[in-house]
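Heads up, the thing below is written out as structure tokens.
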Amino acid sequence: MWRGPSIDLGQQHPRHGERVIKVVLVGAAWLSVAVTIGIVVSLLAPTVTFFTHVGIVDFLFGTEWTAGFGNKFSWTDKAWGVLPLVVATAIVTVIALAVAVPLGLGAAIYLSEYASERVRKVLKPILEVLAGVPTVVYGFLALTIFTPIFAHVVRFDTIHNMLSPGIVMGFMIVPTIASLGEDAMSAVPLALRQGSYALGANRMKTTLRVVFPAALSGIVAAIVLGISRAVGETMIVTIAAGSRAQLTFDPREGAQTMTGFIAQIASGDAPQGSPVYYSLFAVGALLFAITLLINLASIRLVRKYRQVY
Amino acid sequence: MTTTTVPRANMLTRTRNRDGITSAVFAALLWLCLALICIFLFFVLAVIVQKGLARFDANLVTHQPSKIRPETAGVQSALLGTLWVGGITAVIALPLGIAAAVYLEEYANPAKWWNRAIELNIQNLAAVPAVIYGILTLGFVVRGPVSIGAVVMAGGVALALLILPVIIITTREALRSVPREIRDGSLALGATQWQTTWRQVLPAAVPGIATGSILAMSRAIGEAAPLILVGATTFVTFNPDGVLSRYTTLPVQIYNLVPQDRDAFRDLAYAAILLLIVVLLAMNAVAIWLRNRYQRRW
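If you read the sequences in order, they're chains D and Y.
Residues 1 to 309 (our numbering) are what the first sequence spells out, left to right.
Residues 1001 to 1298 (our numbering) are what the second sequence spells out, left to right.
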């Protein structure tokens, strides 16, 4: 008489190796959370020290920033108003977006709606090369090549300005917006386009009135990510926008951005424990908070467009 | 009747014509966008090649940086520093990134909130500014708890943290493109989950993982911002000889040459840029080739 299988399939030897591997994999995944916690902790502790000496209102709304001046270890002979850095960051970001959004969206629309498979295969690597050029190279070119050109065209005579790093940074961000925008538009189902063509619309109308609105949240997400890139970009502005922290709205003048300040102080002399050392972390914390909000907005938008269809 | 049909027909052709013109203008604008992008890129590359070739000689890789003789100085210490830091970055970031991606794609239950939290966190980390990773490494590794100082290891850690999320995201995409049937077939034959992952899924995903990793590594090699914070800016005229050696890298060396006013320094900077771009374009070319060669439609 057959009594079933001689081994009970449900009760194999426990596979300890498998379990160890899983623990290792889980650990690797949690490491990313540890990195985030590390960022918050490493920013928070020195920032708290900073705010025991500087009022948070003075910091956020002060219009003068002279962190590098005066006695290295004195808190009181400097102005700690971060607005000049924030305004400079905003101006460079706006210039960069004025370049990157039209060009990036134009490229995205072309790649997704107009280009043949062969053209796409040539153009995408070109965009990738644009994204692959190191930012220090862009910064150097902005300073030595583009600033003289723009100074000639727009007529200004400062070595450092916000215009040329802004424009060059715009080209740096183009691939981000183009590739995410293309993803969003390619994700729009073919049936929508066919419906539009069946009603007699041409390619432009189909693109602008059907595909573009359908992909809008994805496109906005791409732009939002572009903003966060521009806000956090460091080398181009450090090299080409200069290191003068001044509150100005004229893009032909040089000014220091938040990242520019961080890089300048870090490459100079900031003794551990000095006020300027702590201000580095305070500005870093502000930068992290701003980009965190921007990133979360962008992630939410991406989620939204993924669930539409 | 005739009075109504004629203008109507006219109206139709007129709007058609206008439609035709606007849509041609629209297509032309799209072309213009791409043309501008291409012109910018070719201009940038042309400037680099033209200005870089003047000093693109053997001295560049055989000589050390010099503040006195920029005409014959090289960037040997920076080139070797780049290799050291890149190597450490790869050794740290690749295994960790691939392991995390394997967990999220093959093991994790996406319905659990902690897995979704990890995912959200990685997406956010991918867009955190590079300088922040510099601040993190400065606070934890260079000074702070670990305190190893501004050495090769610190640079490698900063860059590894920077590209870790990128590697996780691209590896997940590569794993996701391996069809369900491969896994089902393997599991049905009695393989365990890890055997399935290790012997079937990962080998099938290798081209995608390699492409993403090379692109991430080329980003790391070109990055200067976090390294400025972890002390690669010091003037270094000797080659690194270990993970605890002081160092500089090519992008940081280029950054150091910016404030130098003499033309000879500019020439050297352009030559160093050309060298860096050649290395990065070669890496990009390999990545694109890998993708085209091994791209599989299942």
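In this text, a Cβ means the ideal position worked out from N, Cα and C, and glycines have one as well.
No experiment lies behind these values; they were computed from the predicted model shown.
Practice problem: Could I get the ranges of all uninterrupted beta strand (DSSP E) runs contained in the region 173–204 of chain D, with 3 residues as the minimum, in chain order? | Solution: none
Quiz item: Mind pulling the chain D residues with CB within less than 7 Å of residue 1147 of chain Y?
Solution: Position 147 of the second sequence holds residue 1147 of chain Y. Residues of chain D passing the Cβ test: none, with the nearest at roughly 11 Å.
Quiz prompt | 8 Å Cβ cutoff, residue 1019 of chain Y in contact with chain D | solution = On the second sequence, position 19 is the one that residue 1019 of chain Y refers to. Yes - at least one Cβ of chain D is within 8 Å of the one on residue 1019 of chain Y.
Quiz item: Does DSSP put residue 80 of chain D in a helix, a strand or coil?
Solution: Here the question's residue 80 of chain D lines up with position 80 in the first sequence. It is a strand residue.
Quiz item: Checking contacts by CB at 8 Å: is residue 114 of chain D closer than that to chain Y?
Solution: The residue you call residue 114 of chain D lines up with position 114 of the first sequence. True, the Cβ-Cβ gap to chain Y drops below 8 Å.
Practice problem: For residue 272 of chain D, decide whether its Cβ has a neighbour in chain Y, counting only Cβ atoms nearer than 8 Å. | Solution: Taking the first residue of the first sequence as position 1, residue 272 of chain D is located at position 272. Output row for residue 272 of chain D: interface = yes.
Practice problem: Report the residues of the region 127–146 of chain D with a CB closer than 9 Å to any CB of chain Y, ordered along the chain. | Solution: 127, 128, 129, 130, 131, 132, 133, 134, 135, 136, 137, 138, 139, 140, 141, 143, 144, 145
Quiz item: What are the boundary residues of the alpha helix (DSSP H) that residue 255 of chain D is part of?
Solution: Here residue 255 of chain D corresponds to residue number 255 of the first sequence, with the count starting at 1. Here residue 255 of chain D belongs to no alpha helix (DSSP H), and DSSP marks it neither H nor E.
Quiz item: Of the choices D:225, D:31, D:301, D:129, whose alpha-carbon is the least far from that of residue 1115 of chain Y?
Solution: Residue numbering aside, residue 1115 of chain Y sits at position 115 when the second sequence is read from its first letter. Residue D:31 is the option with its Cα nearest to residue 1115 of chain Y.
Quiz item: Along the region 1081–1104 of chain Y, what residues have a CB closer than 9 Å to any CB found in chain D?
Solution: 1095, 1096, 1097, 1098, 1099, 1100, 1101, 1102, 1103, 1104
Quiz item: Is it true that the CB of residue 1085 of chain Y sits closer than 8 Å to the CB of residue 1247 of chain Y?
Solution: For the purposes of this step, residue 1247 of chain Y is taken as the residue at position 247 of the second sequence. For the purposes of this step, residue 1085 of chain Y is taken as the residue at position 85 of the second sequence. In this structure, residue 1085 of chain Y lies closer than 8 Å to residue 1247 of chain Y by Cβ.
Quiz prompt | Min CB distance residue 1139 of chain Y to chain D below 8 Å | solution = Taking the first residue of the second sequence as position 1, residue 1139 of chain Y is located at position 139. Answer yes: the Cβ-Cβ gap between residue 1139 of chain Y and chain D drops below 8 Å somewhere.
Quiz item: Looking at C-alpha atoms only, which residue of Y:1079, Y:1271, Y:1149 is the closest neighbour of residue 1245 of chain Y?
Solution: On the second sequence, residue 1245 of chain Y is found 245 positions in, with the first residue counted as 1. The shortest Cα separation from residue 1245 of chain Y among Y:1079, Y:1271, Y:1149 belongs to Y:1149.
Self-check item: Buried versus exposed call for residue 121 of chain D [16 or more other C-beta atoms within 10 Å across all chains shown]
Solution: By one-based count along the first sequence, residue 121 of chain D stands at place 121. It counts as exposed.
Quiz item: With a cut-off of 8 Å, does the C-beta of residue 202 of chain D fall near any C-beta of chain Y?
Solution: Within the first sequence, numbered from 1, the residue matching residue 202 of chain D stands at position 202. Answer yes: the Cβ-Cβ gap between residue 202 of chain D and chain Y drops below 8 Å somewhere.
Exercise. Pick out whichever of D:170, D:265, D:162 has its Cα sitting closest to the Cα of residue 1041 of chain Y.
Key: Mapped onto the second sequence, residue 1041 of chain Y falls at position 41. Checked all of D:170, D:265, D:162; the closest Cα to residue 1041 of chain Y is D:170.
Practice problem: For residue 1113 of chain Y, write down the residues that DSSP places opposite it in a beta bridge. | Solution: Locating residue 1113 of chain Y in the second sequence gives position 113, counting from the first residue. The partner list for residue 1113 of chain Y (beta bridge, DSSP) is empty, contrary to what the question assumes.
Quiz item: If you compare alpha carbons, which of Y:1188, Y:1241, Y:1134, Y:1090 is closest to residue 266 of chain D?
Solution: Walking along the first sequence from the start, residue 266 of chain D turns up at place 266. Ranking Y:1188, Y:1241, Y:1134, Y:1090 by Cα distance to residue 266 of chain D puts Y:1134 first.
Quiz item: If you compare alpha carbons, which of D:287, D:196, D:296, D:278 is closest to residue 47 of chain D?
Solution: Stepping through the first sequence from its first residue, residue 47 of chain D is reached at position 47. Here the closest residue by C-alpha is D:278.
Exercise. Mind checking who residue 30 of chain D pairs with in its DSSP beta bridge?
Key: One-based indexing of the first sequence puts residue 30 of chain D at position 30. Looking at the DSSP assignment, residue 30 of chain D forms no beta bridge with any residue, so it has no partner.
Practice problem: Count the other C-beta atoms from every protein chain shown that fall within 10 angstroms of the C-beta of residue 1009 of chain Y, then say buried if there are 16 or more, exposed otherwise. | Solution: Position 9 of the second sequence, counting from 1, holds the residue named residue 1009 of chain Y. Only weak support is given to the placement of residue 1009 of chain Y: the predicted model assigns it a pLDDT of 49, under 50, and the value that follows is read from those uncertain coordinates. It is exposed - the Cβ of residue 1009 of chain Y has fewer than 16 other Cβ atoms within 10 Å.
Quiz item: Given that a residue counts as buried once 16 or more other Cβ atoms are within 10 Å of its Cβ, and exposed if not, what is residue 1147 of chain Y?
Solution: Along the second sequence, one-based indexing puts residue 1147 of chain Y at 147. Residue 1147 of chain Y is exposed by the Cβ-count criterion.
Quiz prompt | Beta carbon proximity, residue 165 of chain D to chain Y, threshold 8 Å | solution = Taking the first sequence and counting its residues from 1, one reaches residue 165 of chain D at position 165. No, its Cβ sits nowhere closer than 8 Å to a Cβ of chain Y.
Quiz item: Taking Cβ positions only, does residue 169 of chain D come closer than 8 Å to chain Y?
Solution: Here residue 169 of chain D refers to the residue found at position 169 when the first sequence is read from its first residue. No, no contact with chain Y.
Quiz item: When the Cα atoms are used, what is the spatial distance from residue 1088 of chain Y to residue 1156 of chain Y?
Solution: Against the second sequence, residue 1088 of chain Y aligns to sequence position 88. Against the second sequence, residue 1156 of chain Y aligns to sequence position 156. Computed Cα separation, rounded: 5 Å.
Self-check item: Minimum C-alpha distance to residue 262 of chain D - residue among D:243, D:52, D:252
Solution: Mapped onto the first sequence, residue 262 of chain D falls at position 262. Nearest C-alpha to residue 262 of chain D: D:243.
Practice problem: Check each candidate in D:116, D:213, D:246, D:29 and name the one with the smallest Cα separation from residue 62 of chain D. | Solution: By one-based count along the first sequence, residue 62 of chain D stands at place 62. Checked all of D:116, D:213, D:246, D:29; the closest Cα to residue 62 of chain D is D:246.
Quiz item: On the three-state DSSP scale, how would you describe residue 1194 of chain Y?
Solution: Sequence index remark: in the second sequence, residue 1194 of chain Y carries index 194 (1-based). In this structure, residue 1194 of chain Y counts as helix in the three-state DSSP scheme.
Quiz prompt | For residue 65 of chain D: DSSP bridge partner residues | solution = Here residue 65 of chain D is taken as the residue at index 65 of the first sequence, counted from 1. Looking at the DSSP assignment, residue 65 of chain D forms a beta bridge with D:80.
Self-check item: Minimum Cβ-Cβ distance from residue 952 of chain Y to chain D less than 8 Å
Solution: The question about residue 952 of chain Y has no answer here: the residues shown for chain Y are numbered 1001 through 1298.
Quiz item: Are there 16 or more other CB atoms within 10 angstroms of the CB of residue 177 of chain D, so buried, or fewer, so exposed?
Solution: Walking along the first sequence from the start, residue 177 of chain D turns up at place 177. The residue is buried, with at least 16 neighbouring Cβ atoms inside 10 Å.
Practice problem: Please confirm if the region 85–98 of chain D is in contact with the region 200–208 of chain D, defined as three or more CB-CB distances below 8 Å between the two stretches. | Solution: no
Quiz item: Taking Cβ positions only, does residue 1284 of chain Y come closer than 8 Å to chain D?
Solution: As a first step, residue 1284 of chain Y must be located in the second sequence, where it is residue number 284. Chain D, which has a Cβ nearer than 8 Å to the Cβ of residue 1284 of chain Y, makes this yes.
Exercise. Could you tell me whether any Cβ in chain Y is nearer than 8 Å to the Cβ of residue 125 of chain D?
Key: Here residue 125 of chain D is taken as the residue at index 125 of the first sequence, counted from 1. Yes, residue 125 of chain D lies at the interface with chain Y (some Cβ there is under 8 Å from its Cβ).
Quiz item: Is the distance from the Cβ of residue 1258 of chain Y to the Cβ of residue 239 of chain D below 8 Å?
Solution: As a first step, residue 1258 of chain Y is located in the second sequence; it is residue number 258 there, counting from the start. As a first step, residue 239 of chain D is located in the first sequence; it is residue number 239 there, counting from the start. Yes; because the gap between Cβ atoms is below 8 Å, this pair is in contact.
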